[in-house]
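Just below is one structure, and these are the notes that go with it.
In this note's numbering, the protein residues as written are 9 to 655.
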């Protein structure tokens, strides 16, 4: 746990905190007559196209598809055309639209819907439905069109398949392939991005898959990413213009946008993350890159724009909150879709508030420093290493760095306090004491200056659990014991471990279970007359801490009668307290070796019975409570019996 925590902390860069500007709104549209979905708000997605030289926006709703002509400096924010959805009403929570040539393709993930194909060649005056059929599917959650190859991909919805349709005839789609099949097994796919027949599949909780679908009859799985930092519901994404990175959204509250290195599909991995800097439950929905800027629609936080010119150091440059309601970590409201028109102007659809239209976002001058950490959470005594990028628009004469204002709970060292624009400086932080504070890095070139402030939290290793039941050395324990312990803090996660060897405990663990409680009832049945060893492992931000190891011996059926060479004998009392009597039915006739052995195999008593003897009393008053073996042997035979010492 501890090693993984620091690996992520040191090796995964996070977005830079810095100054960002509010985007400029050109216009808005909202129609209060459209019914709200039971899932929240009347609106869903937004998309754009250029038709007859005019920039067109399409907004989807519970009613259908609304078309806008957004050409010119001050466009009319009223729809110029409308297409009723194949299915309408409050049950419509998801309607998706994409474009190819002068056609729009629409699907809905609810009810008895269809694939609708709309001819937009008549815009800005009119549109026409040229295809409306459930021939291939009745509902779908998302579609994507690989325009260069005239293919439409459909995923999600109640039909858990991936389908490829040919758009060689845009008004008459034809089915090319459907997965899973014998050639390719795919799970439920929520969304996807396709370029040059290479599909990036967002497979919900199963991660990211990359598949070559150039030949649909012979698909090839190129790579997967099934585990990654802040993994959630793998929802959507988009490939960078150079094809080297994939911008990934997990539709899970409190998770960041990931920048995924896909340059080597045998080693797909996250290289940086970014978020809206808003509240702990913040959640991104969709992304759309344009040049070096990544535009993001955020639930609750509206439009967020990041400069990803260096994908390992993304930095927030613009924002506009479209949703005025309260934030929530348990629901979904706010911005749904985002699209950037060829002019650079930005479209955002808000579930409750409709269409937002923004001026093009211009990259800001980069006169600040960017850390590859959003903050530091570490343990006292640990050293965290990270990188700082110096902004490329500082003066060519160089930049001076200092850490004035940094909290005393930490110590920071920079590899250099003098740097050039674009240079990367190493930083080493050592946590000196527990608490919360700030790490401050100031940068100035004599004209421009900036301050980078990172939140820092330091922790100490939690105290170990105190075991109480079964007590150490307990005997006659139930075969399904109740375990109890105490921990200093209920915030630490816990797991109980049972082993058969105290000296090599971890290698001989045969039972382990996580629990949020401070007691655990074992439902498995243990062996009779067996000594076991148990402990509790507590886990915190600073790693795993085992308790001391306790032993206990399970109860069993105690035998009081036996024989050796035909001579019967009895052992009593068993369990014994101060003594144990051995009584034979007749004299032995031969000397008998008597040995008492502890459960760990170590002899604790040894004596002999004379050949004429018939009775022997062993003193057990000095023996600790527990399980023992009594071994009796002579030339005529040998026998071992279990005995219990218990007071």
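All C-beta atoms, glycine included, are put in the ideal place defined by N, C-alpha and C. Just so it is clear, the structure is predicted and the values come from calculations on it, not from any experiment.
Exposed unless 16 or more other CB atoms sit within 10 angstroms - verdict on residue i
i, result
"residue 373", "exposed"
"residue 46", "exposed"
"residue 597", "exposed"
"residue 546", "buried"
"residue 243", "buried"
"residue 143", "exposed"
"residue 223", "exposed"
"residue 156", "exposed"
"residue 358", "buried"
"residue 194", "buried"
"residue 341", "buried"
"residue 616", "exposed"
"residue 496", "exposed"
"residue 345", "buried"
Residue i - DSSP class collapsed to helix/strand/coil
i, result
"residue 259", "coil"
"residue 294", "strand"
"residue 156", "helix"
"residue 516", "helix"
"residue 445", "strand"
"residue 554", "strand"
"residue 201", "strand"
"residue 655", "coil"
"residue 341", "coil"
"residue 434", "strand"
"residue 428", "coil"
"residue 382", "coil"
"residue 149", "coil"
"residue 128", "coil"
"residue 359", "coil"
"residue 166", "coil"
"residue 29", "strand"
"residue 85", "coil"
"residue 239", "coil"
"residue 270", "coil"
"residue 194", "coil"
"residue 563", "coil"
"residue 299", "coil"
"residue 287", "coil"
Residue i - containing beta strand (DSSP E), residue span
i, result
"residue 639", "634 to 642"
"residue 233", "228 to 233"
"residue 312", "310 to 315"
"residue 74", "72 to 77"
"residue 543", "539 to 548"
"residue 62", "62 to 69"
"residue 53", "51 to 59"
"residue 418", "418 to 422"
"residue 395", "391 to 398"
"residue 587", "587 to 592"
"residue 243", "242 to 247"
"residue 102", "Taken as a continuous stretch (DSSP letters only), residue 102 belongs to no beta strand (DSSP E), as it is neither H nor E."
"residue 95", "Run containing residue 95: none; DSSP gives neither H nor E here."
"residue 657", "Residue coverage of the chain in this structure runs from 9 to 655, which leaves residue 657 outside it and unanswerable."
"residue 623", "623 to 627"
Same chain, Cβ closer than 6 Å to residue i, neighbours up to 5 away in sequence not counted
i, result
"residue 165", "117, 147, 148 and 149"
"residue 44", "50"
"residue 472", "553 and 555"
"residue 215", "233, 234 and 242"
"residue 507", "513, 516, 517 and 541"
"residue 96", "71"
"residue 407", "398, 427, 451 and 453"
"residue 509", "516"
"residue 444", "465"
Close beta carbons around residue i, own chain, < 7 Å, minus the five adjacent residues each side
i, result
"residue 42", "50, 69, 70 and 71"
"residue 106", "55, 113, 151, 152 and 153"
"residue 655", "585 and 633"
Sequence-distant residues of the same chain with beta carbon closer than 8 Å to residue i, five excluded per side
i, result
"residue 226", "191"
"residue 455", "403"
"residue 140", "94, 122, 123, 124 and 125"
(message) Contact between the stretch 474 to 492 and the stretch 396 to 403 is defined here as three or more beta-carbon pairs at a separation below 8 Å; is this criterion met?
(response) no
(request) Give a yes or no on contact between the stretch 303 to 322 and the stretch 259 to 272, applying the rule of three or more CB pairs nearer than 8 Å. (result) yes
(message) Is it the case that the stretch 439 to 453 contacts the stretch 417 to 431, given that we only count it when at least three CB pairs across the two stretches are under 8 Å?
(response) yes
(message) Pairs of beta-carbons, one from the stretch 46 to 61 and one from the stretch 116 to 132, closer than 8 Å: are there three or more?
(response) yes
(message) Quick test of the definition: if touching needs 3 or more C-beta pairs under 8 Å, does the stretch 209 to 220 touch the stretch 232 to 249?
(response) yes
(message) Closer than 8 Å is the cut-off here; do at least three beta carbon pairs connect the stretch 600 to 607 with the stretch 631 to 651?
(response) yes
(message) Quick check: the stretch 381 to 389 against the stretch 463 to 483, are at least 3 beta-carbon pairs closer than 8 Å?
(response) yes
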